[in-house]
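K.L.:
The structure follows.
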Amino acid sequence: MLNAFLTDISDRDFVSPLRMSARLRLPLGELARLAHVHRNTLTRHPDSPAVQKCLQPVVRILTVAAELTGDADKAILWFRHQPIAGYAGKTALQLVEGGHALAVLKHLEDLRDGNYA
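Going by this note's numbering, the sequence shown opens with residue 12, and the numbers climb by one from there.
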């Protein structure tokens, strides 16, 4: 399940922005905003360390969410649509876009540890 998700978004040995965009059902421009890089950077230099560093928080969040839900598709739906308690009804996607990926990861760790917000 998780390996299939990582295979879906990978191209050789790096995360493909185009594949990630398709898998998340997000336009490439929105993925660029989420990753805090220019859209052209994603397409011209997808394997650059800078792009990969920007995509890693999203991959980590989706990986942990998939482990918790048991399904990558459910993790993606959660990431895009489920408001997180304590964050003014914002979704994980909105929080990551706002620069709060670590808060989302902390929330997921709390859920994994049995602490419910």
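All C-beta atoms in this analysis are idealised placements derived from N, C-alpha and C, irrespective of residue type, glycine included.
Drop a sphere of 10 angstroms on the beta-carbon of His49, count the other beta-carbons inside from all chains shown, and report buried for 16 or more, exposed for fewer.
P.N.:
exposed
K.L.:
Flag this pair as touching only if the stretch 58-76 and the stretch 100-112 have three or more C-beta atom pairs under 8 Å; answer yes or no.
P.N.:
yes
K.L.:
Just tell me which of Leu116, Gly97 and Cys65 has its CA closest to the CA of Phe90.
P.N.:
Leu116
K.L.:
Using the three-state DSSP reduction, which class does Asp58 fall into: helix, strand or coil?
P.N.:
coil
K.L.:
Would the beta-carbon of Asn85 fall within 9 Å of that of Ala96?
P.N.:
Looking at the sequence shown, residue 85 is not Asn but Lys. It is not a contact, given that the beta carbons lie outside the stated cut-off.
K.L.:
Kindly indicate the opening and closing residues of the alpha helix (DSSP H) around Arg44.
P.N.:
It spans Leu39 to Ala46 - the alpha helix (DSSP H) in which Arg44 sits, taken as one unbroken run.
K.L.:
Thinking C-beta only, is Arg44 closer than 9 Å to Glu120?
P.N.:
no
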